[in-house]
Amino acid sequence: MSWAQASLAPLRERQFRLLFLGQAISVVGTLLSAVALPFAVLSIGGSATDIGIVEAAYLVPLAVMLLFGGVWADRLPRRLVMLVADLVRAAAQVGVAALLLTGQARIWHLVLLQVAMGAGEAFFRPACFGLLPQIVPTHQLQQANALDGLVASGSITVGSIGGGLLVAAAGPGWAIGIDAATFLAGAVFLGLMQPPARVQRTAGQRLIADLRAGWTEFRSHRRLWVMVVGAAAFLFATQAPYSVLGPVVMQEFYEGARTWGFMAAALGVGQIGGGLLALRRRPRRPLLVVAVGLSLSALPPALLAVHAPTPALLVAAVVLGVEWGLYHPFWMTVLQQRIAPEMLSRVSSYDYLGSLAIFPLGLAVAGPLGDSFGVSATLLAAAVAAVVISAVLVSTRGVRELRRMNGGSEAMPQAGG
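When the letters of the sequence shown are read in order and numbered with our numbering, they come out as residues -4 to 412.
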């Protein structure tokens, strides 16, 4: 079998094809909305602090409800959980678009509807994570995760460029309305799927017992939760200031949504490159690759802080995208190969929750920090934080020494840390 045939092998599975196509469409809309939302806040008179509050309104319910989403995704058919979540998010985005297009939007409207978006995502994520090993053979999981990352990256490129141009030409309301339509399209593809039934469910247990079982499984894998703590620190200290203050710098020193969209598109191009590498390369120590690559996240905020030329920003975004394109398939495969199938959604919800736990706080304080210490100083501090966090993870023996699995379901060794 050629490299190309092996890389595309998961697409021969009908259920994976349907999931792949539905998510490809949905992610385009998500990126349109991601570009549009900060500028929607600014368009109705909001500030950098308001951007942080609106984005936190999405993340707080996501964090609060993730564990419950994981439990129900391990109890109910995961496809059904995902379908309902898509419909909820479509309805929320219809509301946002209608308010913006009619000129009635207020910050509190956006906050409330982002709460609904976050709640839907809290159920969708763990269900999707657990569904993939049901429809793809174990030995094809890295390829499937890489393909999933590739389609997301391609969609990022299309959605980001389209989002920037659409916001600049027609306003953020139209971009968010298209996002609503893509959620509906994703729901249609999910409705066509017929994944195999799972062998084991936990519907007879109490909710608290299910949560406790998921926590016990997650806690038993020390290497995993060390990485989750590192991800939480990174999102709080680096990604949050970049997300909140980046659009402010764009608005003042660049071409606003247009340049911001092109940066996101460059990130997507890099992620495509990283995804292609992940299809072909299987590093012996995948977590070490992920930890080292995290230091590259320092580049965009550092360059924004000094108001670097746009070409330099785009190159930095491409480099960072390569790292992100490797991160997704390597990390997802490590989890999916080492966690029991009936526990996957719950363990993934602890992973997501741990990573996101303090991100909303980071979003909420980034604007005030920028006001107090200056936008450039805050962005430079965010860049330094990324390098420090990467160094700490690399120095952790368990992260350095975890080796790839070629298949099967062997348990992760617990020695070291």
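Note that beta-carbon positions come from the ideal geometry of N, C-alpha and C, so glycine has one too.
Since we're looking at a predicted model, the values are computed, not measured.
Exercise. From this set, Ala228, Gly241, Arg341 and Leu187, which residue's C-alpha is nearest Ala122's C-alpha?
Worked result: Residue Arg341 is the option with its Cα nearest to Ala122.
Exercise. Between the segment 113 to 122 and the segment 76 to 83, are three or more C-beta pairs nearer than 8 Å?
Worked result: These segments touch.
Problem set entry | Gly168 versus Gly320, Arg7 and Leu32, residue with shortest Cα-Cα distance | Across the set Gly320, Arg7 and Leu32, the C-alpha of Leu32 shows the shortest separation from the C-alpha of Gly168.
For this session: Can you give me the start and stop residues for the alpha helix (DSSP H) that Gln10 sits inside?
Result: Segment Arg9 to Ser38, the alpha helix (DSSP H) holding Gln10.
Problem set entry | Whole-angstrom distance between Pro336 and Gly402, CA atom to CA atom | The pLDDT assigned to Gly402 is 49, lower than 50, so where the model puts this residue is not dependable, and the model offers no usable value.
For this session: To the nearest angstrom, report how far apart Trp67 and Leu299 are at their CA atoms.
Result: Put simply, the backbone Cα of Trp67 is about 42 Å away from that of Leu299.
Exercise. Quick one: what does DSSP say Gln189 is sitting in, helix, strand or coil?
Worked result: Of the three classes helix, strand and coil, the one that applies to Gln189 here is coil, per DSSP.
Problem set entry | Cα-Cα separation between Glu86 and Leu108, rounded to whole angstroms | For the sequence presented, residue 86 should be read as Ala rather than Glu. Separation of Ala86 and Leu108 (C-alpha to C-alpha, rounded to the nearest whole angstrom) is 9 Å.
Problem set entry | C-alpha distance - Gly316 paired with Met188, whole-angstrom precision | A straight line joining the alpha-carbon of Gly316 with that of Met188 spans about 31 Å.
Exercise. Just checking, does the segment 318 to 333 make contact with the segment 10 to 17 on the three C-beta pairs under 8 Å criterion?
Worked result: Contact fails: fewer than three Cβ-Cβ distances are below 8 Å.
Problem set entry | Cα-Cα separation between Val287 and Gly320, rounded to whole angstroms | So the two alpha carbons sit approximately 14 Å from each other.
Problem set entry | Helix, strand or coil at Leu142 according to DSSP, with G and I counted as helix | It is helical.
Exercise. How would you call Asp69, buried or exposed, if buried means at least 16 neighbouring beta carbons within 10 angstroms?
Worked result: Within a 10 Å sphere around the beta-carbon of Asp69 sit 16 or more other beta-carbons, which makes this residue buried.
Exercise. Do you know offhand how far Leu374's Cα is from Val91's?
Worked result: Near 30 Å, if we compare the C-alpha coordinates of Val91 and Leu374.
For this session: Throw me the rounded Cβ distance for the Ser28 and Asp174 pair, which I believe falls under 8 Å.
Result: That belief holds up - the Cβ atoms of Ser28 and Asp174 are roughly 4 Å apart, short of 8 Å.
For this session: Tell me whether the beta-carbon of Val106 lies closer than 8 Å to the beta-carbon of Ile48.
Result: Taking 8 Å as the Cβ cut-off, Val106 and Ile48 qualify as a contacting pair.
Exercise. Grouping DSSP H, G and I as helix and E and B as strand, with all else coil, what is Ala51?
Worked result: The DSSP-derived three-state label of Ala51 is helix.
Exercise. Taking the Cβ atom as the reference point for each residue, do Leu95 and Ala164 lie within a distance shorter than 8 Å?
Worked result: Contact: no.
Exercise. Between Leu388, Met60, Val360 and Gly270, which lies nearest to Leu282 when the distance is taken from Cα to Cα?
Worked result: Per the Cα distances, Leu388.
For this session: Put Gln409 into one of helix, strand or coil per three-state DSSP.
Result: At Gln409 the pLDDT is 37, less than 50, meaning the model places this residue with poor confidence; the figure from the coordinates comes in the next sentence. In this structure, Gln409 counts as coil in the three-state DSSP scheme.
Problem set entry | When Pro296, Ser292 and Gly65 are compared against Ile384, the one with the closest alpha-carbon | If we check each option's Cα against that of Ile384, Ser292 comes out closest.
For this session: Figure out for me which residue from Gly98, Leu348 and Glu116 has the closest Cα to the Cα of Arg84.
Result: Distances from the CA of Arg84 to each of Gly98, Leu348 and Glu116 were compared; the closest alpha carbon is that of Glu116.
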